[in-house]
Structure formats: structure tokens, C-alpha cells
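See below for the structure under consideration.
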Amino acid sequence: MNRINQKLEEDKKLLSIYFTAGYPNINDTVSVIENLEKSGIDMIEIGLPFSDPLADGPTIQASSTKALHNGMTSERLFEQLKDIRNTVSIPLIIMGYFNPMLQYGVEAFCKKCQEVGIDGLIIPDLPVDVYHDNYKSIFEKYGLINVFLITPQTSEERIRYIDSISNGFIYMVSSASVTGSQSGFGDIQTKYFKRIADLNLKNPQIVGFGISNNETFTQATKYAKGAIIGSAFVKHLTNSGIDNIDDFVATIL
Amino acid sequence: MSYNINEKGYYGEFGGAYIPEMLYPNVEELRQNYLKIMAEPSFQEEFNALLKDYVGRPSPLYFAKRLSEKYNTKIYLKREDLNHTGAHKINNTIGQILMAKRLGKNRIIAETGAGQHGVATATVCALMGIECIVYMGEIDIARQAPNVARMKMLGATVVPALSGSRTLKDATNEAIRDWINNPVDTHYIIGSVVGPHPYPDMVAKFQAVVSEEIKRQLLEKEGTENPNYLVACVGGGSNAAGTYYHYLDNEAVNIIAIEAAGHGIDSGESAATSVLGKEGIIHGSKTLLMQTKDGQITEPYSISAGLDYPGVGPMHANLYKTGRAEFIAITDDDAMKAGLDLCKLEGIIPAIESSHALAVFEHKTFKPDDIVVLNLSGRGDKDLQNYIDYFKL
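Line by line, the protein sequences give chains Z and H.
The first sequence begins at 171 in the numbering used here and counts up one residue at a time.
The second sequence begins at 1068 in the numbering used here and counts up one residue at a time.
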């Protein structure tokens, strides 16, 4: 069974953290992952940096630019991760844009993911139908879970379609925004979280965008299975480096 | 086989809508409505009236006698440079502002590189009394001060794009992010035949008035709708798409696309996407783009800001791949020479983008009775400083 599915069966609210591979320094990737696991979080999203990250705000774009400048590439990331399963057991997801994967070769990319022990992928600019028609069988061949996003504007019909072709969790974007642009949740978000929970989808939902502290984590997970923190953690890495990761996690849980 | 878009939003294998889910409702709303709205008689009427009385269409199809004598062929210039705001860009922004109004949008965003599309967007927003925000790379703002001033005079807010390389592609990223953050009230006026479906098709259809007029005008002047060659410069490719549109499937007419070679194809400073690009995804479209082996989008270079884009519209990627169009790359130097040549021979100062197209005559020999129609897409006023610096005027 895929580690993501196992994790989703645990009777607790899940905390997933995103960081950009190769940031702040090129060789920090593995240390960040190991320190995150030690700090007690449930899942990690490893960001494969891209030159033009459309869905991300300034914090994650700046970290991506720095990581690329540091020399991060798909090849290098796989090289860094080759022994990661000797030390890390929580689910690992690669989050990245489609073009670098396309250039690597989608099948070669998926094969590498399986070899190093990646459990799933989040590719914001790979449309649901293109995935369904062209890539679903490849992802499944290599045991990878593909995670789709929904937003407050996504229609119920489309949510149900996304649910039908998902086999892990649904990434619920908290509001109409790019990453790192929200501060706190209001009634609108709470109603949206509840509306989605009431759909009784087969896949659990994990909320992302706008979660930065204990308060927002608690709000987000009232109805959802878990929450994802990205920009707030990348800011922490920028300010405090990779040594005090458990301090950051302690402010959330 | 058709070179036009298919029902799924692709030109051959190029096109589609590779967009994050956050953009899906906006793009889907447009996709479901654009053809219907464009077909409404009231839309057509308003669009055509504005093109005629506000833009000044039809633009002349001018027989360039002295240029023709020099190259011993028959050269017609489609004078898009005579449009209001000085280029073909206004055809598209007029169409899109009318589209935005019918979609009930009250806020317009746009990206701009050199500022031409930004000015054309600010112009139509002023005309309609709609709020306008233009994203422009911080570096471009510094080097295109007159156009920044124009946009401000027209009432637009110019927002610097501070991310990435701080040029056109980053301005486009910022505009897309704005749209993600404002999904309900905002329409994004993309300036070229790029971006996710339906943009490449919608913009091509608004620019198609160019080839519609060429057919009519050439019939009047030469007794045939068909030139032997159509020539246009390609950055994203909107003036070229307009020039080719009604001839795409008419293979009696040869199509030539001119790209910017910058300092030379192999110089590392070029924007010749067909030669240097590879298939991939840029700004929501599968097309040819300049990128690293690892799939990171690279910075192009051309002396012409309008051709300085690392991708090319999916229609053009397909014209290249299928061989329907011949692609020729022209260096900065050859373009500047051809531009000055037109000034002296015809009394027309062209935009540097159009100067690239004009350089075709030094690179390809046409027969004396060939009819060559070249889109003179813009006037050179905006480029005066570049011409001054280059020729030490």
C-alpha cells in the first residue's frame, strides 16, 4: 500500500509541509527532509523549482529562483534523494510544474520517483483531462498517487470528477489566491471547508494556501483531514536556516 | 488537413490549456462563451464600427514601388502602422474589451513587454471607462519610459513585475497571478496568440481582420485574392496570425514567418524560437519555447522588445512543425538596415519588429511577378531612441 494511503488511514489530523528542494543551499534538501520528519510532521512536499511558477506567490518563487541559481535540476534532486528511504519513512510527494517533467520524460520521471521512494506528485499545471487521457496509466504503473487541486470556484460536478480519478487525497486550495497571500481564514473559507466536507467524497481533503500557524491549522482541519504549510515554512528557512525546524513545527501543532 | 484550431483547442499537437485549477473557472467561462459572443450581430456591429471610426480601418494595402524596384518583385505593405496607437495590437484589445463587457467584467489586467500592448489596452479601457492594470517587467519599465507615460496618461495603473528576470515573461506570470487572485470581476487581455486555449484562437480571430482586408484589397489591385507570399514577423505571433488567418488552408499562398535572431542564432543572445526552442509548456500552452535541458524557461534576446519572447503561439509552432510556413531568422543588424532602407525608399519609419520582416528581401529572392504582401505591423515612433543609438543619429 502506498505510504500516502497508509498515512491517510491514521486517526489524526495531518500536517504536511512544503519546501523548495535545493534551498537555502543546494545540499540542504536531505537535511530539511530528515529534520522535518524528526519534528513530527506527517508528510512532505518536495518542491522541484521552476523558472515560472504561476500558481505560487513571491516567497516560493524567490526560493525557486535561488534554488535554480544554486544548480537544482530534476537529475540532481533524484541524485540527492537516492538513499532517502534509508532514513525517512513518512510519505514524500514531489510538487512541481509540468514542463521540467515533460523535458525529463514523463515515464522516466515517474520511474525515478519510484526508485527513490517518492509516493506521489502534485503538478498544478497538468490539467485533469490531459492526465486522465495520457499519463494516468504511467503514474499507476510506478505506484504514484497524483494529487489534484480544487478551489472555492470549482463546481461540484468537477469536484466529483476529480474525486473519481483521484486515489489519495484532494488538495483543497483555501481561497482564490496564489501561495503565501492569505492571512487567516474567515467565514467564507469555513463555509467552503464545510461545503466540501458535506460532499462526502471518497478521497479525504487536505487544505493548502493560507496556513501559517496553530490557529489557521486548527481552522483548516476542523472539517478536513489535514493541512499543508508552504510559504510560512519557506520564510522560516530563509530567516532561520535548516537547524531550528522543530521550533517552527512546534508553533503549528 | 486544416492549419486552424481543432475543437479541443489544439493546432496539431500544440495548444491546449495547461493551467492550474485556480484559473480553470476563468478560462472555462471564456472558452464556453467567446465564439457565441463573437457571433452576436450586436458584437460584430460594435466591433466593426470601432475598427472603422476609432482605429481607422481598413488599413491601406500600399504598393511599395521603389522597394519593389530595388528587389525586382511586387511588394505590398499592409499598413497596420497607420492604426490608432501605431500598431496592429489595437485590433485585439478592441475585441477583448467588448468581450469583457459582455462577460460582465469591470476590471482589466494585461501584460506588456515594450508597452505597445499595454498602451493599446489602456486606450480601450479609457474608451470604455473600465479600470486597467498593466503588469510590466521592472527592467522594461526603465527602458520604455515613453510608453509607461502613455499608459499613465490614459489612466492605467502600471505595476512593476519584480520576479524572475523582470521582463515580459515575468509580467505575464504576474498578470496570471492577479487573475488567480481576482477570478470573478476581472478579464485578462492577453496581447498575443499565446496562453491557454481559447486565447490563441480568440486573439487570432480578432486579428483576422488583417487578412480579410488583404483579400479584398488585393483583388481590387491585382485581380486576385491570393498573393504568392505572405510575410510577417513573429514574437508571440499576433500580427502574423492575423496576416495568415484567411490563407491558412489555402496552400497556393506561401507563408513566411520572420523571427528575431538577435546577435545571431548561435550567439546565445537570440529569440529565434523555431530554431532554438523545443516543445514544452509556457504560459498555459503546449508550444515551442526556449528552455534549458532541464525544462527551465530561458531569457531570449532581440533588439526588438516585441519579438523578445521565449515562446511562440501554438498556431505558429504547428505551421513550423508541418512545414506550412517557412521560418527565417533575422539578426538585429539586418533588421536595422532594412528599417532604415524603408525610411529612405518609401518615407515610412517602421517599428523594429516590422523591420525584421522587411529584411526578408535581403535573404530570399522573389520572382519579378511574385506578389509579396508584408505586414508592416507597427510604426517606428516608439523605437526612435533605439534607432538613434544604433545609427548614432
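Quick reminder that beta carbons are idealized off the backbone N, C-alpha and C, glycines included.
None of these values were measured; they are calculated from a predicted model.
Practice prompt. Return the chain-ordered list of same chain residues with a C-beta closer than 7 angstroms to the C-beta of HIS1184(H), the five sequence neighbours on each side being excluded.
Written response: LYS1156, ALA1177, GLY1258
Worksheet entry | Rounded Cβ spacing between LEU1128(H) and LEU1443(H) (contact assumed at less than 8 angstroms) | Not confirmed; about 10 angstroms, so no contact.
Practice prompt. Determine, using beta carbons only, whether ASN1159(H) and SER1305(H) come nearer to each other than 8 angstroms.
Written response: yes
Worksheet item: Straight-line CA distance for ARG173(Z) to LYS252(Z)?
Response: 17 angstroms
Worksheet item: Are the CB atoms of SER382(Z) and ALA397(Z) nearer to each other than 8 angstroms?
Response: no
Fill in: ASN411(Z) versus PRO194(Z): straight-line alpha-carbon distance, rounded
The amino acid at residue 411(Z) is misidentified as Asn; the sequence shows Gly. Near 7 angstroms, if we compare the C-alpha coordinates of PRO194(Z) and GLY411(Z).
Discussion item. Less than 8 angstroms between the C-beta atoms of ILE320(Z) and ILE340(Z), yes or no?
Written reply: yes
Worksheet item: Can PHE355(Z) and ALA390(Z) be called in contact, C-beta distance under 8 angstroms?
Response: yes
Item to complete: Sort out for me which residues DSSP pairs LYS1145(H) with in a bridge.
Response: LEU1128(H), ASN1442(H)
Worksheet item: Would you call the region 1375–1393 of chain H and the region 1282–1289 of chain H touching, i.e. three or more CB-CB distances under 8 angstroms?
Response: no
Worksheet item: Hey, ALA1339(H) and GLU1326(H) are a contact pair by Cβ (cut 8 angstroms); roughly how many whole angstroms apart?
Response: 4 angstroms
Discussion item. Please report the straight-line C-alpha distance between TYR1077(H) and PHE220(Z), rounded to a whole angstrom.
Written reply: 25 angstroms
Worksheet item: ARG323(Z) touches chain H at which residues, Cβ-Cβ below 7 angstroms?
Response: Per the sequence shown, residue 323(Z) should be read as Gln rather than Arg. Simply PRO1092, PRO1250.
Worksheet item: Do we get a CB-CB distance below 8 angstroms when we pair GLN1358(H) with the residues of chain Z?
Response: yes
Item to complete: Pick out whichever of ILE203(Z), TYR188(Z), ARG328(Z), LYS177(Z) has its Cα sitting closest to the Cα of PHE379(Z).
Response: TYR188(Z)
Item to complete: Hey, could you find the ends of the beta strand (DSSP E) PHE189(Z) is sitting in?
Response: 184–190
Item to complete: Give every residue of the same chain whose Cβ lies closer than 7 angstroms to the Cβ of ASP1450(H), excluding the five residues on either side of it in the sequence, and list them in chain order.
Response: ALA1418, ILE1419
Worksheet item: Do the region 1221–1229 of chain H and the region 1124–1140 of chain H meet, that is, are 3 or more Cβ pairs less than 8 angstroms apart?
Response: no
Item to complete: Output, in chain order, the set of chain H residues within a Cβ distance shorter than 9 angstroms of ASN316(Z).
Response: The premise fails here: ASN316(Z) is roughly 13 angstroms from chain H at the closest Cβ pair, so nothing lies under 9 angstroms.
Fill in: Per-residue DSSP class, three states only, for ASN1158(H)
helix
Worksheet item: Which residues in the same chain as ILE288(Z) place their Cβ atom closer than 6 angstroms to its Cβ, once the five residues preceding and following it in sequence are excluded?
Response: LEU262, ILE264
Worksheet item: Closer than 8 angstroms, CB to CB, is GLN1099(H) near chain Z or not?
Response: no
Worksheet item: Considering only residues of the same chain and omitting the five flanking positions on each side of LEU1165(H), which have a CB-CB separation below 7 angstroms?
Response: PHE1110, GLU1113, PHE1114
Worksheet entry | is_contact[ALA397(Z), chain H] using C-beta, thresh 8 angstroms | no
Practice prompt. Please report the residue range of the beta strand (DSSP E) in which LYS1345(H) lies.
Written response: 1345–1349
Discussion item. For the structure I just gave you, are there three or more beta carbon pairs, one from the region 1423–1436 of chain H and one from the region 1342–1355 of chain H, closer than 8 angstroms?
Written reply: no
Discussion item. Would GLN359(Z) and SER344(Z) qualify as a contact pair, given that the criterion is a beta-carbon distance under 8 angstroms?
Written reply: yes
Discussion item. Give me, in chain order, the residues of the same chain whose beta-carbon lies closer than 6 angstroms to that of GLN1211(H); leave out the 5 immediate sequence neighbours on both sides.
Written reply: ALA1181, GLY1182
Discussion item. Taking CB distances under 8 angstroms as the criterion, tell me whether PRO270(Z) reaches chain H.
Written reply: yes
Worksheet item: For the beta strand (DSSP E) that contains LEU423(Z), what are its first and last residues?
Response: Counting along the chain, LEU423(Z) falls outside any beta strand (DSSP E), and DSSP gives it neither H nor E.
Item to complete: Closer than 9 angstroms by beta-carbon distance: list the chain Z residues that pair up with GLY1378(H), in chain order.
Response: The premise fails here: GLY1378(H) is roughly 11 angstroms from chain Z at the closest Cβ pair, so nothing lies under 9 angstroms.
Worksheet item: Is the CB of GLN231(Z) under 8 angstroms away from at least one CB in chain H?
Response: yes
Worksheet entry | Contact check, ILE308(Z) vs MET242(Z), beta carbons under 8 angstroms | no
Item to complete: Using 10 angstroms around the beta-carbon of LYS361(Z), count the other beta-carbons present and answer buried if the total reaches 16, otherwise exposed.
Response: exposed
Item to complete: Rounded to whole angstroms, what's the CA-CA distance from PHE279(Z) to SER1369(H)? Just pull it up for me.
Response: 34 angstroms
Worksheet item: Is it the case that the CB of GLN389(Z) approaches a heavy atom of the ligand MN more closely than 7 angstroms?
Response: The ligand MN is not part of the structure shown, which contains no ligands of any sort.
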